[in-house]
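**Student:** Would you mind keeping the following structure in view while I ask a few things?
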Amino acid sequence: MTTAPIRAVHGVAEIAAVTDYFSDVWHTPRTAPPYPAEVLHSLIHAGGAVHVALDGTRVAGAAVVVLGPQGDTYSLVAAADQGLGLAVKRAQRAWALDRGARTMRWTFDPLVGRNARFNLAKLGAVGTEYLVDFYGPMADGVNDGDESDRLTVTWDLTAPAPAAAPPPPGMEDAHDRRAALAPAGVSAVAPDGGPLTLHDRDGQRVWCRVPDDIVALRAAAPALALRWRHAVRAVFTDAFARGCTATGMSRDGWYTLTHQEQTA
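Number 501 in this note's numbering belongs to position 187 of the sequence shown; there are no gaps in the numbering.
Structure representation (structure tokens):
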């Protein structure tokens, strides 16, 4: 896809188009959008920003950001067609830096592995807080029937882009990871019968696996998807209580949870 122009929007018609785009992404009726136009307009008026990526006249991505206290910003929502996510986040980053911000935070569903990889590996953000059933019941077409756990990530806007480092030898996929850690790596069992967690020998890192496609699983087998939710929740809440943060996500769906002493 050709890179779409990305800019902040202000007009009523442009904001309405963004609202419709978010409805399409979250599979809600356009009469009941997840982010109503009047709310977005109020956020802009209060000093926030709505960025839009256009493919011709079609909205191909959008994001909402607001200023927070002490040099912080909060990205309320960001969505984009394939290939545009990085450009949309960079536009938010430039907007925030122009206003003196140094960090940005947002939340996402920790079971969506592709989003985790984008946030942690591509942007270099760090998962800093696990929120249990953050929104309560959600009735959109993507999250309906599940519990709304979210992982907060913090993005250092002044840090250089992370290097695309290859995985350590013997850690390219789940099978090699298990072989490299055995016998010290003890696995918990995931809802699909495969390994859920692995631990390194000194207890400073935990690896946790998520399903390949939680959105499809939620639609096809909601009870199984909920079992995944509870299993991953238990791993994260325990690891975070012991001082870990989420520092990476592999291509095959494994989080790296690292004790903060190891990241200092």
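A virtual CB, placed ideally from N, CA and C, is assigned to each residue, including glycine. All values reported here derive from a predicted model rather than from experimental measurement.
Quick one: using the 10 Å Cβ neighbour count with 16 as the cut-off for buried, is valine 323 buried or exposed?
**Tutor:** buried
**Student:** Less than 6 Å between C-beta atoms, sequence neighbours within five positions excluded: which residues of the same chain meet that for threonine 421?
**Tutor:** Arg464, Thr466
**Student:** Compute the distance between the beta-carbons of tyrosine 569 and valine 529, then report whether it is under 9 Å.
**Tutor:** No, the pair does not count as a contact, with Cβ atoms beyond the cut-off.
**Student:** Check whether the region 381-395 and the region 334-342 touch, using three or more Cβ-Cβ pairs below 8 Å as the test.
**Tutor:** yes
**Student:** Is the beta carbon of leucine 437 closer than 9 Å to that of tryptophan 409?
**Tutor:** In this structure, the beta-carbon distance from tryptophan 409 to leucine 437 does not fall below 9 Å.
**Student:** Where are the alpha helix (DSSP H) runs, 4 residues long or more, that stay fully inside the region 348-415, in chain order?
**Tutor:** 351-359, 399-412
**Student:** Please list, in chain order, all residues of the same chain as proline 480 whose beta carbon is under 7 Å from its beta carbon, the five residues on each side excluded.
**Tutor:** Only weak support is given to the placement of proline 480: the predicted model assigns it a pLDDT of 48, under 50, and the question is left unresolved by the model.
**Student:** Where does valine 549 land, buried or exposed, given buried means 16+ other C-beta within 10 angstroms?
**Tutor:** buried
**Student:** Tell me, please, which residues DSSP counts as bridged to aspartate 470.
**Tutor:** Thr417
**Student:** Checking 9 Å against the spacing of the C-beta atoms, do alanine 351 and valine 332 come in under that value?
**Tutor:** yes
**Student:** Assign alanine 539 to buried or exposed, taking buried as 16 or more other Cβ atoms, counted over all protein chains shown, within 10 Å of its Cβ.
**Tutor:** buried
**Student:** What separation, rounded to the nearest whole angstrom, lies between the Cα atoms of alanine 498 and glutamine 518?
**Tutor:** A caution first: alanine 498 carries a pLDDT of 48, below 50, which makes its placement in the model unreliable, though a value can still be read off. The straight-line gap from Cα to Cα measures roughly 12 Å.
**Student:** In angstroms with no decimal places, state the Cα-to-Cα distance between alanine 327 and leucine 354.
**Tutor:** 12 Å
**Student:** If you run the structure through DSSP and keep just helix, strand and coil, what is arginine 321?
**Tutor:** Here arginine 321 carries a strand assignment [DSSP, helix/strand/coil].
**Student:** Pick helix, strand or coil for arginine 428, following the three-state DSSP scheme.
**Tutor:** helix
**Student:** Can you tell me which of the three DSSP states tyrosine 444 falls into?
**Tutor:** Of the three classes helix, strand and coil, the one that applies to tyrosine 444 here is strand, per DSSP.
**Student:** Which whole-angstrom value describes the C-beta separation of alanine 430 and valine 402, a residue pair presumed to lie in contact below a C-beta threshold of 8 Å?
**Tutor:** So it is not a contact: roughly 17 Å between Cβ atoms.
**Student:** Looking at the structure shown, is arginine 565 part of a helix, part of a strand, or coil, going by DSSP?
**Tutor:** coil
**Student:** Helix or strand or just coil, what does DSSP make of tryptophan 542?
**Tutor:** helix
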